[in-house]
Amino acid sequence: MLNPRTVVSRLWLPILLALSLALIVACGSAEDPTATTAPAAAPQATAAPQATAAPQATAAPQATAAPQATTAPQATAMAQPTAVPPTSTPMPAPTRAAPATHEPQGVMNYGVKETGVFEGHPRFMSSPRVQYSAVSFGESMVAIQQDLSPGPLLASEWDISPDGQFWTFKVRDDVEFHHKCGASGTESCGSLTIHDVLWNYKEWHEGSLNARAGIIGDFWVGNAGGSQTVIDDYTVELDTGEPWLQQRAFEFMRHLGGVSTTIVSMQQTRDKFEQAGGNWDDRYSEPGVATEEYEAAAKEASKDISATGPWQVDSHDSGRVWRFRAVENHWRQTPYFAEFNMWSIPEEATRIAGFQAGELDIMEMAFDSLDAVQAVEGTEIVAWPNAGQAGLNIYGQTYGVDKEGNPYEHLDCNNAWVSCNEDPTSEEWLNAVKVKKAMAIAIDRQAIVDNLLFGFGQPLYLRDWMGHEAKADPRWVHEYDPEMARQLLAEAGYGPDNKFTITLVPAIRGAPAEVEACQAVGGYWEEVGIDVDLQSIPYATIRPELITRTFQGATCHTVSQRLTPAIGASNYVAKSTFSYGTEHPWMEENITDLLAETNPVQVAEKERKVYGWFYDNVMAFALYAHDGIWPVGARLDPEWRPIDFSEVRSPSGFEYIKHRQ
Numbered sequence: 194m195l196n197p198r199t200v201v202s203r204l205w206l207p208i209l210l211a212l213s214l215a216l217i218v219a220c221g222s223a224e225d226p227t228a229t230t231a232p233a234a235a236p237q238a239t240a241a242p243q244a245t246a247a248p249q250a251t252a253a254p255q256a257t258a259a260p261q262a263t264t265a266p267q268a269t270a271m272a273q274p275t276a277v278p279p280t281s282t283p284m285p286a287p288t289r290a291a292p293a294t295h296e297p298q299g300v301m302n303y304g305v306k307e308t309g310v311f312e313g314h315p316r317f318m319s320s321p322r323v324q325y326s327a328v329s330f331g332e333s334m335v336a337i338q339q340d341l342s343p344g345p346l347l348a349s350e351w352d353i354s355p356d357g358q359f360w361t362f363k364v365r366d367d368v369e370f371h372h373k374c375g376a377s378g379t380e381s382c383g384s385l386t387i388h389d390v391l392w393n394y395k396e397w398h399e400g401s402l403n404a405r406a407g408i409i410g411d412f413w414v415g416n417a418g419g420s421q422t423v424i425d426d427y428t429v430e431l432d433t434g435e436p437w438l439q440q441r442a443f444e445f446m447r448h449l450g451g452v453s454t455t456i457v458s459m460q461q462t463r464d465k466f467e468q469a470g471g472n473w474d475d476r477y478s479e480p481g482v483a484t485e486e487y488e489a490a491a492k493e494a495s496k497d498i499s500a501t502g503p504w505q506v507d508s509h510d511s512g513r514v515w516r517f518r519a520v521e522n523h524w525r526q527t528p529y530f531a532e533f534n535m536w537s538i539p540e541e542a543t544r545i546a547g548f549q550a551g552e553l554d555i556m557e558m559a560f561d562s563l564d565a566v567q568a569v570e571g572t573e574i575v576a577w578p579n580a581g582q583a584g585l586n587i588y589g590q591t592y593g594v595d596k597e598g599n600p601y602e603h604l605d606c607n608n609a610w611v612s613c614n615e616d617p618t619s620e621e622w623l624n625a626v627k628v629k630k631a632m633a634i635a636i637d638r639q640a641i642v643d644n645l646l647f648g649f650g651q652p653l654y655l656r657d658w659m660g661h662e663a664k665a666d667p668r669w670v671h672e673y674d675p676e677m678a679r680q681l682l683a684e685a686g687y688g689p690d691n692k693f694t695i696t697l698v699p700a701i702r703g704a705p706a707e708v709e710a711c712q713a714v715g716g717y718w719e720e721v722g723i724d725v726d727l728q729s730i731p732y733a734t735i736r737p738e739l740i741t742r743t744f745q746g747a748t749c750h751t752v753s754q755r756l757t758p759a760i761g762a763s764n765y766v767a768k769s770t771f772s773y774g775t776e777h778p779w780m781e782e783n784i785t786d787l788l789a790e791t792n793p794v795q796v797a798e799k800e801r802k803v804y805g806w807f808y809d810n811v812m813a814f815a816l817y818a819h820d821g822i823w824p825v826g827a828r829l830d831p832e833w834r835p836i837d838f839s840e841v842r843s844p845s846g847f848e849y850i851k852h853r854q
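The opening residue of the sequence shown carries number 194 in the working numbering; numbering runs sequentially from there.
Okay, here's the thing in structure tokens:
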């Protein structure tokens with residue numbers, strides 16, 4: 194086993210909430226990286242200067258070892274903010290990049306497990322396409338800073354009322370869309386305006402594929418009794434109709450992450466629609482219901498989308514490769530590479546072979562592949578902590594009513610983990626809790642960290658709290674105890690002669706050891722007497738069942754660090770488009786109250802209250818927090834920084850990467 198102490202981190206950033214980040218990428222040939230030719234020799238890497246247009250990193254000491262796996266940090270007291278923050282002060286806008294002094298050259302190849310079918314339009318984009326779009330052709334309203342606060346991106350400044358109900362946004366006036374409009378599809382789509390932003394968020398809401406589609410409608414469309422007042426072409430005032438927790442809004446307006454929202458050209462979709470004979474004012478057959486002709490126009494635009502990012506769509510072969518070209522004289526940063534290819538390569542061995550042959554320059558990699566990639570001359574390995582948090586969602590716990598006020602039709606209390614009585618004091622409920630507690634303590638998290646993560650991580654017991662341990666309750670622990678797990682199952686009526694079966698699916702989204710760890714969970718459950726139907730299918734395939742609340746079983750699901758734990762809680766209410774399959778009237782009432790809180794002291798207290806109930810009733814649990822590990826090929830300078838720190842499971846900021854000298 195590779196000793197994690199041999200891996201050196203190039204960038205460990207000292208930030209408020211222990212978020213660290215380093216992103217490494219390399220460039221290569223344009224050949225198909227599925228080839229398995231012999232490794233090509235590469236020159237020894239030398240240090241290169243930082244890209245002058247990139248944000249400047251705060252100096253930090255180099256780490257010489259990955260953190261040793263330990264038990265979850267024990268908090269002795271909740272951190273208490275001292276006062277309600279004042280109305281936000283608009284942040285300084287990033288200055289426009291100076292005209293590029295370099296000509297983009299060469300090709301950068303990035304290997305991932307799965308991109309899904311290419312879609313670039315807000316009506317049709319879902320995870321994992323959201324993440325991959327953001328690091329290529331897309332940009333959103335804000336970029337999350339090192340302290341997890343929002344910084345400017347397309348939005349140059351904003352102001353928020355103390356009660357969180359009235360928001361004013363101003364967008365930049367110098368951002369051009371990619372030239373993909375007109376009859377030829379190569380004409381200018383114009384510059385970004387606030388009208389594009391308002392249209393985009395309406396499309397994100399109506400498309401209903403983004404996990405935050407419902408609350409996007411509440412915030413930007415006025416579904417909660419709010420309104421929008423356009424001040425000029427670049428400024429809008431929003432009345433959201435109700436108070437909003439700031440982090441909840443900025444979560445979906447951020448540049449990176451599974452619920453980020455790329456802003457695309459409204460003019461492009463309008464051109465497609467009108468070229469087909471449509472009248473823009475008649476694109477809805479009824480409020481909120483677009484015509485088939487409009488849907489078709491949006492679908493056509495989706496395949497060659499015009500956005501604002503430093504890379505523009507060139508071509509794509511879904512299931513194989515997405516190709517992008519550099520945008521010269523981009524408002525923020527002209528890439529140093531002329532082409533950027535994102536290859537879908539599900540098999541780890543094939544990605545390794547491509548990296549060894551110099552056909553891939555960076556890739557999603559399992560920890561047990563470290564020895565293989567380190568053997569390639571010129572390779573550098575970078576590690577950083579808290580890249581992601583793996584949890585286990587238990588689906589089918591849909592108590593109460595849906596967002597239309599109707600009882601959930603797929604609640605099935607024949608499932609051992611589901612109660613026939615939603616009263617938390619009832620015998621049926623307590624038996625279901627015993628089953629779930631048994632599932633939680635049957636897992637040896639430390640063994641998973643040691644053997645599958647190679648020490649690059651630590652056990653975690655409640656997801657959403659990675660990086661927020663200082664305000665967590667120290668009792669939130671599920672210690673490994675297989676004998677107690679068997680006893681709890683017996684008390685609930687299950688044993689060797691009366692087993693139950695649960696479907697277990699890893700949400701395959703490119704996280705380290707996501708499949709192997711889920712297989713290990715299945716093995717631990719089998720050991721205590723639970724029959725497991727382990728299925729390995731693409732995340733994009735299972736996701737529709739999660740949204741419709743029809744899936745019954747469990748998923749191993751990794752997410753990035755939350756801006757605050759309340760963001761994770763928002764997945765457990767009826768109005769959330771995405772669902773972790775767990776809802777209850779108590780949660781609906783208390784999470785809704787939490788999400789409307791604006792006082793940081795009260796937010797922290799209510800987070801502990803919600804997750805305390807969550808823990809006591811074992812509505813779901815976590816597995817581990819994992820570090821990020823990236824292999825870097827020899828042709829690319831590893832010294833660059835991202836523009837958004839909220840998502841460190843995948844590399845970003847490719848436009849800032851220089852050729853290694």
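Every residue, glycine too, gets a C-beta built ideally from N, C-alpha and C.
**Report entry** serine 495 versus glycine 331: straight-line alpha-carbon distance, rounded
**Finding:** Looking up residue 495 in the sequence shown gives position 302. Looking up residue 331 in the sequence shown gives position 138. When rounded, the distance between both Cα atoms is 13 Å.
Query - Every unbroken alpha helix (DSSP H) inside the stretch 417-486 [4 residues or more] - result: 439-446, 459-468
Query - Whether glutamine 745 touches glycine 584 by CB criterion (7 Å) - result: Counting from one through the sequence shown, the residue named residue 745 turns up at place 552. Counting from one through the sequence shown, the residue named residue 584 turns up at place 391. Cβ atoms of glutamine 745 and glycine 584: not closer than 7 Å.
Query raised in the report: Can you tell which of Ile701, Gly375, Arg322, Ile555 has its C-alpha closest to the C-alpha of leucine 829?
Result: Counting from 1 along the sequence shown, the entry for residue 829 is found at position 636. When only C-alpha atoms are compared, the closest one is Ile555.
Query - Beta-carbon spacing of leucine 756, leucine 438 below 7 Å - result: As a first step, residue 756 is located in the sequence shown; it is residue number 563 there, counting from the start. As a first step, residue 438 is located in the sequence shown; it is residue number 245 there, counting from the start. No; because the gap between Cβ atoms is not below 7 Å, this pair is not in contact.
Requested in this report: Could you name the residues of the same chain whose beta carbon sits closer than 6 Å to that of serine 458, not counting the 5 residues immediately before and after it, in chain order?
Outcome: Here residue 458 is taken as the residue at index 265 of the sequence shown, counted from 1. Cβ neighbours of serine 458 beyond the five flanking positions: Phe370, Cys382, Ser499.
Query - Distance, tryptophan 779 Cα to alanine 759 Cα - result: Looking up residue 759 in the sequence shown gives position 566. Looking up residue 779 in the sequence shown gives position 586. The alpha-carbon atoms of alanine 759 and tryptophan 779 are separated by roughly 15 Å.
Requested in this report: Could you tell me how far apart the beta carbons of isoleucine 387 and threonine 428 are, in whole angstroms, since I believe they sit closer than 8 Å?
Outcome: For the purposes of this step, residue 387 is taken as the residue at position 194 of the sequence shown. For the purposes of this step, residue 428 is taken as the residue at position 235 of the sequence shown. Contact between isoleucine 387 and threonine 428 holds: their C-beta atoms lie close to 6 Å from each other, under 8 Å.
Report task. Give the secondary structure of glycine 821 by DSSP, where H, G and I count as helix, E and B as strand, and everything else as coil. Result -> Position 628 of the sequence shown holds residue 821. Under the three-state reduction of DSSP, glycine 821 is assigned to strand.
**Report entry** Assigned secondary structure, valine 328 (DSSP; H/G/I helix, E/B strand, else coil)
**Finding:** Translated into positions along the sequence shown, residue 328 becomes position 135. The answer is coil: DSSP assigns valine 328 none of H, G, I, E or B.
**Report entry** Three-pair Cβ contact test at 8 Å for the stretch 564-575 versus the stretch 815-825
**Finding:** yes
Query raised in the report: Can you round the beta-carbon distance between proline 297 and phenylalanine 530 to whole angstroms, since I take them to be within the 8 Å contact cut?
Result: Locating residue 297 in the sequence shown gives position 104, where the first residue counts as 1. Locating residue 530 in the sequence shown gives position 337, where the first residue counts as 1. The C-beta distance from proline 297 to phenylalanine 530 rounds to 6 Å, short enough to meet the 8 Å contact threshold.
Query raised in the report: Can you pull the DSSP bridge partners for phenylalanine 814?
Result: The count along the sequence shown starts at 1 and reaches residue 814 at position 621. Note: phenylalanine 814 sits in a beta bridge opposite Leu585.
Report task. Please check the pair serine 753 and valine 841, which I expect to be a contact at CB under 8 Å, by giving their CB distance rounded to whole angstroms. Result -> On the sequence shown, residue 753 is found 560 positions in, with the first residue counted as 1. On the sequence shown, residue 841 is found 648 positions in, with the first residue counted as 1. Right, their Cβ atoms sit about 7 Å apart.
Report task. For alanine 215, name the three-state secondary structure that DSSP assigns. Result -> Here residue 215 is taken as the residue at index 22 of the sequence shown, counted from 1. With a pLDDT of 33 at alanine 215, under the threshold of 50, the predicted position of this residue should be treated as unreliable, though the coordinate-derived value follows. DSSP places alanine 215 in coil when its eight states are reduced to three.
Query raised in the report: Per the contact definition of three or more C-beta pairs closer than 8 Å, is the stretch 470-479 in contact with the stretch 337-347?
Result: no
Report task. For serine 320, count neighbouring Cβ atoms within 10 angstroms of its own Cβ and tell me buried if that reaches 16, exposed if not. Result -> Looking up residue 320 in the sequence shown gives position 127. The residue is buried, with at least 16 neighbouring Cβ atoms inside 10 Å.
Query raised in the report: Hey, how far is the Cα of tyrosine 717 from the Cα of aspartate 637?
Result: Residue numbering aside, residue 717 sits at position 524 when the sequence shown is read from its first letter. Residue numbering aside, residue 637 sits at position 444 when the sequence shown is read from its first letter. About 8 Å.
Query - Cβ-Cβ separation, methionine 535 to tyrosine 325 (assumed contact under 8 Å), whole Å - result: Within the sequence shown, the letter at position 132 stands for residue 325. Within the sequence shown, the letter at position 342 stands for residue 535. Confirmed, Cβ separation roughly 6 Å.
Query raised in the report: Taking C-alpha atoms, which residue in Gly593, Gly313, Pro737, Ser562 lies nearest to glycine 502?
Result: In the sequence shown, counting from the first residue as 1, residue 502 sits at position 309. Ranking Gly593, Gly313, Pro737, Ser562 by Cα distance to glycine 502 puts Gly313 first.
Report task. Going by CA-CA distance only, name the one from Gly450, Ser619, Gly846 that's closest to asparagine 403. Result -> On the sequence shown, residue 403 is found 210 positions in, with the first residue counted as 1. Minimum Cα distance to asparagine 403 is reached at Gly450.
Query raised in the report: Can you list, in chain order, the residues of its chain whose CB lies under 8 Å from that of glutamate 707, leaving out five sequence neighbours each side?
Result: For this step, residue 707 is matched to residue 514 along the sequence shown. Ala583, Pro699, Ala700, Ile701, Cys749, Thr751, listed in sequence order.
Requested in this report: Give a yes or no on whether the C-beta atoms belonging to tyrosine 817 and valine 611 are separated by under 7 Å.
Outcome: Translated into the one-based positions of the sequence shown, residue 817 becomes position 624. Translated into the one-based positions of the sequence shown, residue 611 becomes position 418. The answer is no: Cβ separation not under 7 Å.
Query raised in the report: If you check the beta carbons only, do phenylalanine 466 and alanine 490 fall under 7 Å apart?
Result: Position 273 of the sequence shown, counting from 1, holds the residue named residue 466. Position 297 of the sequence shown, counting from 1, holds the residue named residue 490. Cβ distance < 7 Å, so phenylalanine 466 and alanine 490 count as in contact.
Query raised in the report: Does the stretch 535-548 come within contact of the stretch 797-812, defined as at least 3 CB pairs closer than 8 Å?
Result: The answer is no - the stretch 797-812 does not touch the stretch 535-548, with fewer than three Cβ pairs under 8 Å.
Report task. Tell whether a beta-carbon distance below 7 Å holds between alanine 683 and valine 721. Result -> Here residue 683 refers to the residue found at position 490 of the sequence shown. Here residue 721 refers to the residue found at position 528 of the sequence shown. Contact: no.
Query raised in the report: When you compare only the Cα positions, how much space is there between leucine 681 and valine 628?
Result: Counted from its first residue, the sequence shown places residue 681 at position 488. Counted from its first residue, the sequence shown places residue 628 at position 435. Those two C-alpha atoms are separated by around 7 Å.
Query raised in the report: Fully enclosed by the stretch 555-640, which beta strand (DSSP E) runs are 3 residues long or longer?
Result: 573-588
Requested in this report: Compute the distance between the beta-carbons of phenylalanine 693 and alanine 609, then report whether it is under 7 Å.
Outcome: On the sequence shown, position 500 is the one that residue 693 refers to. On the sequence shown, position 416 is the one that residue 609 refers to. A contact, by the Cβ cut-off of 7 Å.
Report task. May I have the straight-line CA-CA distance separating lysine 395 from aspartate 366, to the nearest angstrom? Result -> Start at 1 with the first residue of the sequence shown, and residue 395 comes out as number 202. Start at 1 with the first residue of the sequence shown, and residue 366 comes out as number 173. Going by the C-alpha atoms only, they are around 21 Å apart.
Report task. Quick one: which unbroken beta strand (DSSP E) runs of 3-plus residues sit fully inside the stretch 690-763? Chain order, please. Result -> Counting only runs of 3+ residues, the beta strand (DSSP E) found wholly inside the stretch 690-763 occupies 694-699, 724-727, 746-752, in chain order.
Query raised in the report: CB serine 845 to CB proline 835, shorter than 7 Å?
Result: In the sequence shown, the residue the question calls residue 845 occupies position 652. In the sequence shown, the residue the question calls residue 835 occupies position 642. The answer is yes: Cβ separation under 7 Å.
Query raised in the report: Cα separation between tyrosine 715 and leucine 655?
Result: Translated into the one-based positions of the sequence shown, residue 715 becomes position 522. Translated into the one-based positions of the sequence shown, residue 655 becomes position 462. One detail in the question is off: residue 715 reads as glycine in this sequence, not tyrosine. Cα-Cα distance, rounded: 19 Å.
Report task. For threonine 603, collect the residues of the same chain with a Cβ closer than 8 Å to its Cβ; drop the 5 residues on either side in sequence, then sort them by chain order. Result -> Counting from 1 along the sequence shown, the entry for residue 603 is found at position 410. Just to set this straight, residue 603 is histidine in the shown sequence, not threonine. If we look at histidine 603 and ignore the five residues flanking it on each side, its Cβ neighbours are Gly589, Thr591, Arg742, Thr743, Gln745.
Report task. Classify valine 796 as buried or exposed, calling it buried when 16 or more other Cβ atoms lie within 10 Å of its own Cβ. Result -> Numbered from 1 along the sequence shown, position 603 holds the residue referred to as residue 796. Per the 10 Å Cβ criterion, buried.
Query raised in the report: Would you call alanine 542 buried or exposed, if buried means 16 or more other Cβ atoms sit within 10 Å of its Cβ?
Result: As a position in the sequence shown, residue 542 is number 349, starting the count at 1. Per the 10 Å Cβ criterion, exposed.
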